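What follows is a short report on a single structure.
Residue numbers (our numbering): 13 to 261.
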């Protein structure tokens, strides 16, 4: 009997969209391959149009138009307000119901912040100001977060009162000037046993082989097929090496 693949919800950062996040997360996608189903979601808050050259992401000669989306718009005045977050909660509730269940969430920047909120609401449903409604979905099993930060609105502080017990991998760039690494460290402190990968760089998901190894090691406990594929590659490499020795001998 064919096993159902694990399903991972993928949440982009502020000012991005699902299409662009597929490009930015290519290292993660390469690690996962076809061992899990990845669902990339567009944020419901339309910020406008962002014209950019994808440069090192795809081809420096390609300039593309990307819809500039987010999960909320933070308004700082006399009080902190996450505008549009209600629309986001409605969307997430719909996606969890119609496309779930999801085993894990990959989140970058604002998407990482949202991933934590979703996990909190599913693990500890409450009558607080944020809600996913009557969604019937099990708690999230794991999180992969990059450039994460807390949703810094006083009325949502209750979301962080209970410790997060699910396994989590936190990627932090030591030279991140968008989300200060100290903000990400605060988030790490809410988790019982967070795995932390610090890298020399800024606000992005690293594309290095080392990061790929870290992600694979973390994900293997939730995606058994990843371990199988690694063993197959190792066996194939050993066979090739043995064959090369036999030929040269």
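Heads up, the beta-carbon is just placed ideally off N, CA and C, and yes, glycines get one too.
These figures come from a predicted structure and were not determined experimentally.
Counting along the chain, the unbroken beta strand (DSSP E) around residue 19 starts and ends at 19-23. Ranked by Cα distance from residue 202, the first of 212, 170, 222 and 211 is 170.
Per DSSP, the continuous alpha helix (DSSP H) segment holding residue 123 begins and ends at 122-135. Annotation: the continuous alpha helix (DSSP H) that includes residue 102 extends over 97-111.
According to the DSSP assignment, residue 229 belongs to the alpha helix (DSSP H) that extends over 221-231.
If you ignore the 5 residues before and after residue 147, its C-beta comes within less than 7 angstroms of the C-beta of 105, 108 and 109, all in its own chain and listed in chain order. If you draw a straight line from the Cα of residue 152 to the Cα of residue 180, it is about 11 angstroms long. The straight-line gap separating the alpha-carbon atoms of residue 219 and residue 160 is approximately 18 angstroms.
Going by C-alpha positions, residue 195 is about 14 angstroms away from residue 208. In the DSSP assignment, residue 180 forms a beta bridge with 155.
In the structure shown, the three-state DSSP call for residue 80 is strand. The continuous stretches of alpha helix (DSSP H) do not include residue 209, which lies in the beta strand (DSSP E) extending over residues 207-211.
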